[in-house]
Structures are given as structure tokens and as C-alpha cells.
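Participant:
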Amino acid sequence: MAIQNNNLSLEVVEAAFTCLREEWMNKVKVLFKFTKAGGNRSEEETKKLLQIVGARDEDKQLLKFWMTGLSVQYRAHILASSAPGNSQR
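All letters in the sequence shown, in the order written, are residues 1 to 89 by UniProt numbering.
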């Protein structure tokens, strides 16, 4: 595990954490748009999306928790751009 590797500098570990956080925040944003802005989705459709983004069913609770951290502005932007009749898609 990289955290236990004493040969890695603090900067490398911080960069790895930043990349990991960004990767998971992108998954959160995709799940938010899919579930909130995309209308009613079945459990099967959600499972397929999780598989596509590289998340498992047990990751869903974590992703939903991180969704609560999305900014109000981001949420409003996604919901507005996904509204029926909006050509920004």
C-alpha cells in the first residue's frame, strides 16, 4: 500500500489522494445527474451505472453521502441543464 511505503514523498502521497478524491467525486457527479436529474431510474439501471463507473453496490451509500457535499450551485446547474426542453445537454 502506498501509504505505508516510506520511499514515497509526502507530495506523491498527497497527489495520489487528490487523484483518488477527484475520481470518486466524478462518480458522485455522474450518479447525481443519473438519479436526480435523469428522472426515475430502476434499481437495475442504477446497478448498471455503478458497474460502468467502476463502483460496486456496497459503494452506493458512500456515493450518496458524498452527494450531500455537492454545492448548491452545482446541483442547481445540473438540474437546470437537465430540465426538459433545455438545449444545453
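Even glycine gets a Cβ: it sits at the ideal position worked out from N, Cα and C.
1) I'd like the list of long-range same chain contacts for L70, defined as Cβ closer than 8 Å, with 5 residues on each side in sequence excluded.
2) Once the 5 residues before and after A55 are set aside, which same chain residues still bring their CB inside 7 Å of it?
3) Between the C-alpha atoms of E45 and F17, what's the straight-line distance to the nearest angstrom?
4) State buried or exposed for L50, treating a residue as buried only when at least 16 other CB atoms are found within 10 Å of its CB.
5) Span of the alpha helix (DSSP H) holding A16?
6) E22 to P84, Cα distance in whole Å?
7) Let me know the secondary structure DSSP gives R75 once reduced to three states.
Facilitator: Considering the structure as presented:
1) Looking up residue 70 in the sequence shown gives position 70. Closer than 8 Å at the Cβ level, and outside the excluded window around L70, lie V28, K29, F32.
2) Within the sequence shown, residue 55 is the residue found at index 55, counting from 1. Around A55: K27, L63.
3) The residue labelled residue 45 in the question sits at position 45 within the sequence shown. The residue labelled residue 17 in the question sits at position 17 within the sequence shown. Going from the Cα of E45 to the Cα of F17 covers about 30 Å.
4) Walking along the sequence shown from the start, residue 50 turns up at place 50. Label assigned to L50: buried.
5) In the sequence shown, counting from the first residue as 1, residue 16 sits at position 16. 10–32 is the span of the alpha helix (DSSP H), which, as asked, contains A16.
6) By 1-based counting over the sequence shown, the position of residue 22 is 22. By 1-based counting over the sequence shown, the position of residue 84 is 84. Looking at the two C-alpha atoms, the distance is approximately 29 Å.
7) Locating residue 75 in the sequence shown gives position 75, where the first residue counts as 1. Looking at R75 - three-state DSSP - the assignment turns out to be helix.
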